[in-house]
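Since the structure comes first, as structure tokens, the remarks are kept for the end.
Numbering (the working numbering), first residue to last: 10 to 465.
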């Protein structure tokens, strides 16, 4: 088709006919042949590239960014992507870590031979892989470049973790999970599509193989019935329990582990050569993302209870238009502190915080706004439902006492509730109204719920 042949000999290329064209030039020929206006390729050792845009094409910065992003996505998931909008159609084909794509003017129904274009792009992507395999560029360099580009696009710890397990699965064709070490435990924060999704968010026991790999800094593998994630995790088939936990290091500090499911890899397997750039690059990136994550969390979270703090509560309330607000105050807290000491008081606050969280729905907000005072914000919740929640909170705390050093200590709370628009005309006036209702609950004998007086 292109007018030359290539004969392969170990260590060099010999050509017959005209000098061979580069990948960029070949993709541009495809662009011209099918009437596309721009094209992109990724996955080679030289990094991503864009072919020249037709002079008559109306392709701006946003269209170029979108096309390049679609090709990056195709390189990760290995799928055909066709994106249609009123003015243009994007076609991208991937085979990890390679991908190529073209953009056409007009909607898909006006772009003829889309399947033919996809087939041509598949052959081009296969040629990219073959060119890399026959070049002097080590595969590890290609994967390392892919790791850097993929990780650079992840803005959060969770996003980076998801990108890492996705890339790990593409490299190994196995289920992959990522666990990080917290203040007191190791927790799974991401799993790939081939792994059991129930593992996401699971806190691992200290004697689990993954935790042992994190503590020792040495890979730990399991076989047979032993679960790589240890006891207490979702039950799975025996074939899905085996795995290898590879420690992730930031310098000499272990920050987590990448868990590869399935039987252990042989030491000389090529997969390990491809996995090594991910393992070496991921540790420092996870450490940096974790530092940012922790700093952001400290700005909105109460360090003792793990609930939202007053600042975050006020921010949530400022953007609302209606709902119910419950103020909860622990009765006789000073007496508890003076009698049992501050550690017991801290334990009581943590105990109440967990009960408050259990009493609300997803989307509700529980915050610690003072020493022993909590706020429960129920957006878009009417007074009647809010009163039910407040009573449920009061009852659950009264029925589940604090256990401290082997002794049971009863706890009670007083609750004040205000609702907008039923009782208060402006959401910003809810705190004052709820506080007044709380004070009345204290005056009426504690361990009770009082609602705010109606106001304009």
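Backbone N, C-alpha and C fix where the C-beta goes; we use that ideal spot for every residue, glycine too.
Around the beta carbon of residue 397, fewer than 16 other beta carbons lie within 10 angstroms, which makes this residue exposed. Under DSSP, residue 423 forms a beta bridge with 338.
For residue 313, the number of other beta carbons within 10 angstroms of its own is below 16, and it is reported as exposed.
In its chain, beyond the 5 residues on either side, 43, 100 have a beta carbon closer than 6 Å to the beta carbon of residue 126. Annotated as distal: residue 238 and residue 189, with beta-carbon spacing of 9 Å or more. When DSSP assignments are scanned along the region 325 to 369, the uninterrupted stretches of beta strand (DSSP E) that are 3 or more residues long and fall wholly within it turn out to be 332 to 339.
Under DSSP, no beta-bridge partner is assigned to residue 379. Counting only unbroken stretches of 3 or more residues, the beta strand (DSSP E) elements lying wholly within the region 79 to 124 are 89 to 93, 97 to 104, 107 to 114, in sequence order. In this structure residue 122 is exposed. Its beta-carbon is surrounded by fewer than 16 other beta-carbon atoms within 10 angstroms. In the DSSP assignment, residue 212 is bridged to 196.
Rounded to the nearest angstrom, the Cβ distance from residue 84 to residue 103 is 5 Å, consistent with a contact under 8 Å. The region 316 to 330 makes contact with the region 434 to 443; the number of CB pairs closer than 8 Å reaches 3 or more.
With 16 or more neighbouring CB atoms inside 10 Å of its own CB, residue 250 falls in the buried class. Residue 72 and residue 78 have their C-alpha atoms spaced approximately 10 Å apart. For residue 286, the three-state secondary structure derived from DSSP is helix.
Assigned with DSSP and collapsed to three states, residue 428 falls in strand.
Taking residue 456 as the centre and dropping the five residues before and after it, the same chain places the C-beta of 340, 403, 407, 421, 422, 423 closer than 8 Å to its C-beta, in chain order. The C-beta of residue 367 has fewer than 16 other C-beta atoms within 10 Å across all chains shown, which makes the residue exposed. Proximity to residue 113 across 382, 233, 76, 199 peaks at 76, based on C-alpha coordinates. Between the alpha carbons of residue 401 and residue 191 lies a distance of about 32 Å. Setting aside the 5 residues that flank it on each side, residue 381 is surrounded in the same chain by 338, 339, 342, 358, each with a C-beta closer than 7 Å to its C-beta; the list follows chain order.
Following the DSSP letters along the chain, one finds residue 218 inside the alpha helix (DSSP H) bounded by residues 218 to 225. Its chain contains 188, 219, 222, 223, 254, 255, 256, 257 as the residues whose beta carbon lies nearer than 7 Å to that of residue 266, once the 5 sequence neighbours on both sides are disregarded; these appear in chain order. Looking at the backbone, the Cα of residue 194 and that of residue 214 are separated by about 8 Å.
Excluding residues up to 5 positions away in sequence, 269, 280, 284 lie with their Cβ nearer than 7 Å to the Cβ of residue 181 in the same chain.
In the DSSP annotation of this structure, the continuous segment of the alpha helix (DSSP H) that includes residue 445 starts and ends at 439 to 452. In terms of CA proximity to residue 204, 175 leads the group 175, 34, 226.
Non-local C-beta neighbours of residue 405 in its own chain, meaning closer than 8 Å and more than five positions away in sequence, comprise 364, 367, 368, ordered along the chain. Here residue 82 has 90 as same chain residues with Cβ atoms under 7 Å from its own Cβ, once five neighbours each way along the sequence are excluded.
For residue 243, the number of other beta carbons within 10 angstroms of its own is below 16, and it is reported as exposed.
Put simply, the region 372 to 391 touches the region 315 to 327. At least three CB pairs are less than 8 Å apart.
In the DSSP secondary-structure assignment, residue 133 is not bridged to any residue. For residue 264, the enclosing beta strand (DSSP E) starts and ends at 262 to 270. Taking residue 451 as the centre and dropping the five residues before and after it, the same chain places the C-beta of 423 closer than 6 Å to its C-beta, in chain order.
When the beta-carbon positions are compared, residue 58 and residue 36 come within less than 9 Å of each other.
Going by DSSP, residue 231 is part of no beta strand (DSSP E) at all; its letter is neither H nor E.
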